Amino acid sequence: MKFAIVVNEGPYTHQASDSAYHFARAALEGGHAIYRVFFYHDGVHNGTRLASPPQDERDVVNRWSKLAAEHDIDLVVCVAAAQRRGIVDAAEKKRHAKDADNIAPGFRISGLGQLIEAGIRADRLMAFGD
Amino acid sequence: MKFAIVVNEGPYTHQASDSAYHFARAALEGGHAIYRVFFYHDGVHNGTRLASPPQDERDVVNRWSKLAAEHDIDLVVCVAAAQRRGIVDAAEKKRHAKDADNIAPGFRISGLGQLIEAGIRADRLMAFGD
Amino acid sequence: MLLHTVNKSPFEKNSLDTCLRLSAPGSCILLIEDGVYAALAGGAFAAQLQDGMRARKLYAIDADLQARGLDPAGLIDGVEVIDYRGFVELATRCDQVQSWF
Amino acid sequence: MLLHTVNKSPFEKNSLDTCLRLSAPGSCILLIEDGVYAALAGGAFAAQLQDGMRARKLYAIDADLQARGLDPAGLIDGVEVIDYRGFVELATRCDQVQSWF
Amino acid sequence: MTDEATAAPPGAVKKFMYINRRAPHGGNYAQEGLEVALIGAAFDQEVSLAFIDDGVFQLKTGQDTAAAGLKNFTAAFAALGDYEVKRIYVEAESLARRGLTADDLMPLMYEDEDDDYAEKPLIEIIGKDALADLIERQDVLLNF
Amino acid sequence: MTDEATAAPPGAVKKFMYINRRAPHGGNYAQEGLEVALIGAAFDQEVSLAFIDDGVFQLKTGQDTAAAGLKNFTAAFAALGDYEVKRIYVEAESLARRGLTADDLMPLMYEDEDDDYAEKPLIEIIGKDALADLIERQDVLLNF
């Protein structure tokens, strides 16, 4: 079965990203596919490579990056939500004349259409939020 | 009278930063002083210069930067909260071997002691959160 | 005497309920942001709030009421509508401020 | 038949209440994160949840119970404790999933 | 994985319901939820919106966000009729609990092209059991 | 504006109360609230903590966060007694509503240096009216 996952909250402040991650892993272990993980609202903050959480805590961002690399998962950060909140890739950096970007490996920035499309293509859409 | 202000939530996702800003402006217009604005929890996201909100929306980050410049206000981003969430200045960039920083003009990163000290020094501590 | 602020809708969250339970008689309560929905005269929390107001003074921010399309005429009796200058003034007049999120 | 998830404490927020009001009889309800507090046998929401369970099946995530120090023996009767594999299995077995934050 | 609206595989029409449960201005879920509904309308799916709990406040008449310095995104609800969204469900129990009636809600309309473009109301107030039934029959549920 | 604990002006002792109203693991307010309390204890102020609403769940015994992959920060509550925090108030009404009793709470202790270092309980369960009085008498209120 194909799952799409929506993450609406950033790391640490809410458990939403943790639950989404554990669900994604369990789905993959169960032989299912993750069609896409879409990061919306504050969920875009899961996609920054500038975080340095304490050594004795989980590293939420890296966990997603690793999962994406190992299982070839499409991690999409919503462009409109990212612009409001300061998540930037190379293209956005150029477009908005910023002097830095901060997107983490394995994430890409794209439009809300990716969320709708995930809803159409996946068998189940799982949302995790606050 | 001296006010200290705590902002616990990031821009847009909650109105907390808006209310804190309106309160700070009204206090200054009323002849009061703002001893410090302390950004904690997701409030640290108010301090990124990488945001590009839509033209027809308020620019929460720039508003704080401008207020700080005009009235010499101390905008402090909590270092522990910032590390978890990816807000980085030049010193943090070096310390954590990051390849970019993203702190906005007028903000500085410092410890939780700054919050306690603000509570001691200010006449009133105003908290805005979710 | 404390100023208590409440910024959450009582229909969604328990912040107002806790504020009423833990604010001493004589306190001021200021509704801000989604907290202003509590003051709707026809709403489910009107009676509880009116009861709490017998020993407390209630305020609401005008800008937050306007943003939500709430006419002061549609609020429970005795709510004083103030602007941010009034908020600052209240904060100076009260001994401290307790924010219920 | 839908799977409904609830991730908020009913003592703080209205998510469980709305889930019970708007989930059709026959639905599955899964408590995750702070949602697991709803199932405390001695808690104020035990009766409402037990009533809703007469027509619905209730589940709770083991890891979230453990993190909060909640012993399954202290939960209302009939809650099935599952792990994340069980969550995935439930999601495949139900037609769709509705998340109440 | 293109971002074009036409990326939807032809024939795969699903029932999308956007469930809105938040008050409009205290947070951004409401505004960003409407953005999804407007984008989603271009995908030729069967789209409806439901307003539940504090979400009913999104449709309140007379919202003026100028003094609060916020964007009045709720003005865009008037455009939904042009976006092939034909059904906006408002839960009767949520309205009643807040002391609101149909008269407190924006008079949203659409032109029914199957009925000589007659103007018809977009909003339908329905009870909780009917709404539970409707939710049960959706293919995709998105919550804001 | 230095970050040293000694930055507090001598003599300016204020009553700080940290009010904790959130469950421990669904969000980070609780953990980051405890971080403030631990830092704040170094400033030689008069510090107390109050646990209200779902905040009482922070003190629940037997929390094991391993399977959830979270940090069990609540273990650090045991250190509060060493940090000159002598009062942890728990609201009786909040406990009762959740079906909890004093036995469900961690047995936190401190050594009373004014009483030959006798071990005494840190937690005091008090009613809502007494707690309202206490809140009224604070100089600084921080909420988590």
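Protein chains in written order, with the numbering used here: chain A, 1404 to 1533; chain B, 1404 to 1533; chain C, 173 to 273; chain D, 173 to 273; chain E, 97 to 240; chain F, 97 to 240.
Ideal Cβ positions, reconstructed from N, Cα and C, are used throughout, including at glycine.
In this text the structure is predicted, and so the values were computed from the model without any measurement.
- Query: Going straight from the alpha carbon of residue 1412 (chain A) to that of residue 1444 (chain A), what length do you get?
  - Reply: Those two C-alpha atoms are separated by around 7 angstroms.
Range covered by the alpha helix (DSSP H) that runs through residue 168 (chain F)
Element bounds for residue 168 (chain F): n/a, residue is neither H nor E.
key: Rounded straight-line distance, which links the Cα of residue 1531 (chain B) to that of residue 231 (chain E)   = 36 angstroms
Can you give me the Cβ contacts of residue 238 (chain E) inside the same chain, cut-off strictly under 6 angstroms, excluding the 5 residues immediately before and after it? 114
Do residue 1439 (chain B) and residue 1407 (chain B) have their C-beta atoms within less than 8 angstroms of each other? yes
Worksheet item: Using the beta-carbon count (16 or more within 10 Å), is residue 1410 (chain B) buried or exposed?
Response: buried
Tell me which same chain residues have a C-beta within less than 6 angstroms of the C-beta of residue 1508 (chain B), skipping the five on either side of it? 1468
Whose Cβ in chain I lies nearer than 8 angstroms to the Cβ of residue 1417 (chain A)?
Among the chains of the structure shown, chain I does not appear; the protein chains present are A, B, C, D, E and F.
Margin query: Within a Cβ cutoff of 7 angstroms, which residues of the same chain sit near residue 271 (chain C), ignoring the five residues on either side of it in sequence?
Written below: 177
Task: Residues within the region 253-267 of chain C neighbouring chain B, beta-carbon criterion of under 8 angstroms - done: Considering only beta carbons, the part of the region 253-267 of chain C lying closer than 8 angstroms to chain B consists of 255, 256, 257, 259, 260, 261, 263, 264, in chain order.
With distances taken between CB atoms, is the gap from residue 194 (chain D) to residue 210 (chain D) smaller than 8 angstroms?
Against a cut-off of 8 angstroms, the Cβ pair of residue 210 (chain D) and residue 194 (chain D) comes out as no contact.
Could you check whether the Cβ of residue 226 (chain C) sits closer than 8 angstroms to any Cβ belonging to chain E? no
So, at 7 angstroms on beta carbons, what are the nonlocal neighbours of residue 1515 (chain A) in its own chain, with the 5 sequence-adjacent residues on each side left out?
1481, 1483
query: Can you name the start and end residues of the alpha helix (DSSP H) that residue 187 (chain C) belongs to?
result: 187-194
Next item on the list: If I'm right that residue 204 (chain F) touches residue 219 (chain F) with Cβ under 8 angstroms, what's the distance once you round it to whole angstroms?
Entry: With 8 angstroms as the limit, residue 204 (chain F) and residue 219 (chain F) qualify as a contact, their Cβ atoms being about 6 angstroms apart.
Checklist entry - Would you call the region 1495-1507 of chain A and the region 258-268 of chain D touching, i.e. three or more CB-CB distances under 8 angstroms? => result no
Listing by chain order, which chain A residues have their CB less than 9 angstroms from the CB of residue 1444 (chain B)?
-> 1415, 1416
Fill in: Interface residues of the region 159-174 of chain E facing chain B [CB-CB below 8 angstroms]
Near chain B, meaning a CB-to-CB distance below 8 angstroms, the residues of the region 159-174 of chain E are 164, 165, 166, 167.
Q.
Going by DSSP, what residue range makes up the beta strand (DSSP E) through residue 1506 (chain B)?
A. Premise fails: residue 1506 (chain B) is in no beta strand (DSSP E) and is neither H nor E.
Q. Between A:1490, A:1522, A:1478, A:1498, which lies nearest to residue 268 (chain D) when the distance is taken from Cα to Cα?
A. A:1522
Quick check on residue 1446 (chain B): does DSSP put it in helix, strand or coil? helix
For residue 1518 (chain A) versus residue 132 (chain E), is the C-beta distance shorter than 8 angstroms? Taking 8 angstroms as the Cβ cut-off, residue 1518 (chain A) and residue 132 (chain E) qualify as a contacting pair.
Item to complete: Give every residue of the same chain whose Cβ lies closer than 6 angstroms to the Cβ of residue 1456 (chain A), excluding the five residues on either side of it in the sequence, and list them in chain order.
Response: 1462
Query - Own chain residues within Cβ distance below 8 angstroms of residue 1424 (chain B), not counting five before or after - result: 1463, 1466, 1467, 1470
What residues in the region 207-234 of chain C bring their beta carbon closer than 9 angstroms to a beta carbon of chain E?
-> Listed by position, the residues of the region 207-234 of chain C near chain E (Cβ gap below 9 angstroms) are 207, 209, 212, 213, 214, 215, 216, 218, 233, 234.
- prompt: For residue 175 (chain C), which residues of its own chain have a beta-carbon under 7 angstroms away from its beta-carbon, when the five flanking residues on both sides are left out?
  reply: 200, 202, 262, 263, 266, 269
Q.
Within a Cβ cutoff of 6 angstroms, which residues of the same chain sit near residue 1492 (chain B), ignoring the five residues on either side of it in sequence?
A. 1504, 1506, 1512
For this session: Can you give me, in chain order, the residues of the region 1502-1520 of chain B that have a beta carbon less than 9 angstroms from any beta carbon in chain F?
Result: 1513, 1514, 1515, 1516, 1517, 1518, 1519, 1520
Would you mind listing the beta strand (DSSP E) stretches within the region 208-260 of chain D that are 3+ residues and don't spill past its ends, in chain order?
-> 229-233, 252-254
Exercise for review: Check distances from the C-beta atoms of the region 1470-1494 of chain A to those of chain E and list, in chain order, the residues that come in under 7 angstroms.
Suggested key: 1477, 1483, 1484
Q.
Considering only their Cβ atoms, is the gap separating residue 150 (chain F) from residue 187 (chain D) smaller than 8 angstroms?
A. no
Original post:
Ordered along the chain, which non-local residues of its own chain (more than five positions away) have a Cβ less than 8 angstroms from that of residue 142 (chain F)?
Top reply: 109, 110, 111, 112
Notebook entry, point to check: With DSSP run on the structure shown, which of helix, strand or coil describes residue 1523 (chain B)?
Noted result: helix
### Message
For a quick check, are the C-beta atoms of residue 247 (chain D) and residue 192 (chain D) less than 8 angstroms apart?
### Response
Contact: no.
Rounded to a whole number of angstroms, what is the C-alpha to C-alpha distance between residue 161 (chain E) and residue 209 (chain E)? 34 angstroms
**CB contact below 8 angstroms: residue 236 (chain D) versus chain F** = yes
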